[in-house]
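A.B. asks: According to UniProt numbering, the sequence shown holds residues 1 to 200 in order.
Where a beta carbon is used, it is the ideal one built from N, C-alpha and C, also for glycine.
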Amino acid sequence: MNDTLLISVLGIGTYGTKALHMIMDKMQKNDQDDMFITAPNSNEFAFYAIDNDKDVLNSSNAQDSLLLSDELNQESLADQQVEEKLCQMVGDSDFVILVSAVGGNTSSMVIAAVAERLNAMKIPMAAVVVKPFDFEGQKRINNAEIAISKLEKLVTTLKVLNNNEVIAKTDNQPSKQLFAQADSELVEFVLSFSEKHFIA
Numbered sequence: 001m002n003d004t005l006l007i008s009v010l011g012i013g014t015y016g017t018k019a020l021h022m023i024m025d026k027m028q029k030n031d032q033d034d035m036f037i038t039a040p041n042s043n044e045f046a047f048y049a050i051d052n053d054k055d056v057l058n059s060s061n062a063q064d065s066l067l068l069s070d071e072l073n074q075e076s077l078a079d080q081q082v083e084e085k086l087c088q089m090v091g092d093s094d095f096v097i098l099v100s101a102v103g104g105n106t107s108s109m110v111i112a113a114v115a116e117r118l119n120a121m122k123i124p125m126a127a128v129v130v131k132p133f134d135f136e137g138q139k140r141i142n143n144a145e146i147a148i149s150k151l152e153k154l155v156t157t158l159k160v161l162n163n164n165e166v167i168a169k170t171d172n173q174p175s176k177q178l179f180a181q182a183d184s185e186l187v188e189f190v191l192s193f194s195e196k197h198f199i200a
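1) Excluding sequence positions up to five away, which residues of its chain have a Cβ less than 7 angstroms from the Cβ of E83?
2) Please report the distance separating the alpha-carbon of D64 from that of I23.
3) Give the DSSP-derived three-state secondary structure of I123 in the structure shown.
4) Where does L6 sit, in a helix, a strand or coil, going by DSSP?
5) So is H115 buried or exposed if we call it buried at 16+ other beta carbons inside 10 Å?
6) Helix or strand or just coil, what does DSSP make of A49?
7) Roughly how far, in whole angstroms, is the beta-carbon of I97 from the beta-carbon of F193, given that I think they are within contact range, below 8 angstroms?
8) Assuming S8 contacts S100 under a Cβ cut-off of 8 angstroms, what Cβ separation, rounded to an integer in Å, is found between them?
9) Considering Cα atoms alone, identify which of V56, P132 and L86 is closest to G104.
10) With 16 other CB atoms within 10 Å as the buried threshold, where does D70 fall?
11) Counting along the chain, where does the alpha helix (DSSP H) carrying S149 start and finish?
12) Please classify E71: does DSSP put it in a helix, a strand, or coil?
13) Which two residues bound the contiguous alpha helix (DSSP H) that contains N58?
14) May I ask you to report which of helix, strand or coil DSSP gives N164?
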């Protein structure tokens, strides 16, 4: 019996789209034109990007993308065309992993809305998000906390990467190296779902 799962990775916003590149670079060993990338163990992965910045999406090498309205709000996110496109991208998925930085109005709103939509579609999810630095301001921190609180109720697994913890380690290592380690941690979190038996 074939117990391979189709796992869709949704990169949301600029950082989420960048993260897709990192994940795909780590995984991809086969034909660049394959629709699905198969990890060694191996579930199948598909990659999609969501943003309201057309240039960001055009730079992505995701299989497909969803361009949102410039004027993001709950009404535009509930648009039927958005729902249909999301269903088209991940409707056949066995599992979805959401990847984003949270704190900004766009990504924080979108990742929560997407999670709610996928929950309504009864698609199980995990999420990995990056929290803002304290110096980015209380508003961004509050936005991040609200988004994380919503995700906690909707996903089976939530990993939060805290930028402040990265900065706290800069005494002995260059910050660039630490951020690379944080990026690597995100990639490894996604790759952990390559195992066929990750769902009990």
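C.D. replies: Straight from the coordinates:
1) R117
2) 16 angstroms
3) coil
4) Residue state, collapsed to three classes: strand.
5) In the sequence under discussion, the amino acid at residue 115 is Ala, which differs from the His named in the question. Under this definition A115 is a buried residue.
6) strand
7) 6 angstroms
8) Their Cβ separation, rounded to whole angstroms, is 14 angstroms, which puts S8 and S100 out of contact at 8 angstroms.
9) P132
10) exposed
11) Q138 to E152
12) In the three-state DSSP reduction, E71 falls in the coil class, being neither helix nor strand.
13) K54 to N58
14) helix
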